[in-house]
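K.L.:
If you read the sequence shown in the numbering used here, its first letter stands for residue 128, the second for the next number, and so on.
Backbone N, C-alpha and C fix where the C-beta goes; we use that ideal spot for every residue, glycine too.
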Amino acid sequence: MTTTQSSDGTSKRALTEEESGYSSEKKPRVEGEDDTGMGDESESDSESASDEWEVDEEVFAKGRVEPGSVLDREETEPEWDVDSYGEYVSDPEVRALFSSDEEYKKFRDRKIEVVKNKGFLPDPIKWIFALPNLEEPWGNQTTREVLKDIASLCVKKYNEEKKKTVEVVSVVRANERSGGRTKLYITFMAREYPNGPLLEYQAKAMIFLGGAKPPFPILCRPAPNHSSS
Numbered sequence: 128m129t130t131t132q133s134s135d136g137t138s139k140r141a142l143t144e145e146e147s148g149y150s151s152e153k154k155p156r157v158e159g160e161d162d163t164g165m166g167d168e169s170e171s172d173s174e175s176a177s178d179e180w181e182v183d184e185e186v187f188a189k190g191r192v193e194p195g196s197v198l199d200r201e202e203t204e205p206e207w208d209v210d211s212y213g214e215y216v217s218d219p220e221v222r223a224l225f226s227s228d229e230e231y232k233k234f235r236d237r238k239i240e241v242v243k244n245k246g247f248l249p250d251p252i253k254w255i256f257a258l259p260n261l262e263e264p265w266g267n268q269t270t271r272e273v274l275k276d277i278a279s280l281c282v283k284k285y286n287e288e289k290k291k292t293v294e295v296v297s298v299v300r301a302n303e304r305s306g307g308r309t310k311l312y313i314t315f316m317a318r319e320y321p322n323g324p325l326l327e328y329q330a331k332a333m334i335f336l337g338g339a340k341p342p343f344p345i346l347c348r349p350a351p352n353h354s355s356s
């Protein structure tokens with residue numbers, strides 16, 4: 128069993144398929160938000176619904192993704208530390224869907240906030256939904272424990288690239304974009320040095336259907352409201 132040593136001497140186990148027992152196909156979809164607008168966000172790492180996903184129209188209308196309703200096409204592994212979640216672009220056709228400026232402003236403000244958080248807030252239009260119960264069993268661990276292991280993989284890569292000593296403390300929440308290659312958006316508390324203050328960080332990773340491949344770290348960073356030292 129492989130271990131990695133954190134900055135305070137605590138031995139952390141590296142995630143393996145056998146140890147975690149997780150599979151991207153086991154997670155159920157949950158009800159998304161009632162978000163009816165269609166922003167013009169584009170994503171070059173194959174997160175564009177029109178390019179990567181075939182979605183049943185009835186499923187979309189219900190605001191949820193059932194297992195098997197989304198077909199994940201072939202895609203390349205994303206580049207580390209490249210977040211291609213697009214910027215919000217106003218669309219006159221979307222504005223026409225709202226009966227008042229006030230309603231449109233509420234939608235627009237929410238959409239800008241979602242885009243700013245780049246997947247770390249639920250975004251039903253992009254099929255990104257919250258994981259509602261982090262204590263739910265996931266293989267022989269809880270969902271929270273599995274997510275902490277995956278976040279630790281991202282932190283390990285981040286520390287190697289940035290010459291940092293960040294350590295995962297606890298997972299706060301997580302979202303997922305389900306498919307053959309499920310993308311996880313994990314928000315967690317971390318310390319940047321031993322006995323340092325708790326700070327909010329974000330990690331993004333890809334897991335594969337049936338555990339066909341090990342988890343793939345995509346990025347790790349301080350949350351937008353925190354600037355790393």
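Give the DSSP-derived three-state secondary structure of P341 in the structure shown.
P.N.:
coil
K.L.:
So the candidates are E287, V221, Y231, S226; which of them puts its Cα closest to the Cα of C347?
P.N.:
Answer by Cα proximity: E287.
K.L.:
Do V293 and E319 have their C-beta atoms closer together than 8 Å?
P.N.:
yes
K.L.:
Can you list, in chain order, the residues of its chain with a C-beta nearer than 6 Å to that of K331? Leave out the 5 residues immediately preceding and following it.
P.N.:
Y312, I345, L346
K.L.:
Under 8 Å between the Cβ atoms of A257 and R300?
P.N.:
yes
K.L.:
In three-state terms, what does DSSP make of C347?
P.N.:
Strand.
K.L.:
Considering Cα atoms alone, identify which of A350, T314, F225, P351 is closest to I277.
P.N.:
T314
K.L.:
When you compare the CB of V295 with every CB in chain B, is at least one pair closer than 8 Å?
P.N.:
As a matter of chain content, chain B is missing from the structure shown, which is built from one protein chain.
K.L.:
State the start and end residues of the unbroken alpha helix (DSSP H) segment that holds T309.
P.N.:
Element bounds for T309: not the alpha helix (DSSP H) but the beta strand (DSSP E), 308-318.
K.L.:
Please give the ranges of any beta strand (DSSP E) in the region 264-307, keeping only runs that are unbroken, at least 3 residues long and fully inside the region.
P.N.:
If only complete runs of 3 or more residues are kept, the region 264-307 shows the beta strand (DSSP E) at 294-304, in order along the chain.
K.L.:
Within 10 angstroms of the Cβ of D80, are there 16 or more other Cβ atoms? Answer buried if so, exposed if not.
P.N.:
For the chain, the structure presents residues 128 to 356; residue 80 sits outside this window and is missing.
K.L.:
Thinking C-alpha only, which one of R304, P324, K291, L274 is nearest V298?
P.N.:
L274
K.L.:
In the DSSP assignment, the beta strand (DSSP E) including I334 goes from what residue to what residue?
P.N.:
326-335
K.L.:
Going by DSSP, name the residue or residues bridged to D250.
P.N.:
I255
K.L.:
Rounded to the nearest angstrom, what separates S305 and M316 at their Cα positions?
P.N.:
Roughly 24 Å separates the two Cα atoms.
K.L.:
Here's the rule: buried if 16 or more other CB atoms are within 10 angstroms of the residue's CB, otherwise exposed. What is K232?
P.N.:
It counts as exposed.
K.L.:
Just the C-alpha distance for R222 and P341, rounded to the nearest angstrom, thanks.
P.N.:
43 Å
K.L.:
Buried or exposed, going by whether 16 or more other CB atoms sit within 10 Å of the CB of W254?
P.N.:
Taking all protein chains in view, the Cβ of W254 is crowded by 16 or more other Cβ atoms within 10 Å, so the residue is classified as buried.
K.L.:
Whole angstroms are fine: how far does the CA of N267 sit from the CA of K290?
P.N.:
33 Å
K.L.:
Let me know the secondary structure DSSP gives F234 once reduced to three states.
P.N.:
In the three-state DSSP reduction, F234 falls in the helix class (H, G or I).
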